[in-house]
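Accompanying notes for the structure given below.
Residue numbers (the numbering used here): -5 to 90.
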């Protein structure tokens, strides 16, 4: 412990919360077993495909105009509406 003149007492030099382990960025990784690179590469390619990493990189490779973004957003909404199952509205029963 170090002596702190301003507060007139002892104070801990380091606070534990400052030195907590920082979380990893969550990158993709694959472990290689028995020098099987082909199998590890196959698993890595599947992980990249499932994470949609390349789609994000492809989208960020060029700049879209705001009108293109709106047009795409509208088209996606129409596609979602077409795919969505129709919700049947049941008539309310009248109590007599």
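Ideal placement from N, C-alpha and C gives every residue a C-beta, glycine not left out.
Contact between the stretch 20 to 30 and the stretch 40 to 60 is defined here as three or more beta-carbon pairs at a separation below 8 Å; is this criterion met? Touching, per the Cβ criterion.
Looking at the unbroken alpha helix (DSSP H) that takes in residue 51, where does it start and where does it end? Segment 47 to 53, the alpha helix (DSSP H) holding residue 51.
(Q) Please report the distance separating the alpha-carbon of residue 47 from that of residue 30. (A) Answer to the nearest angstrom: the Cα atoms are 24 Å apart.
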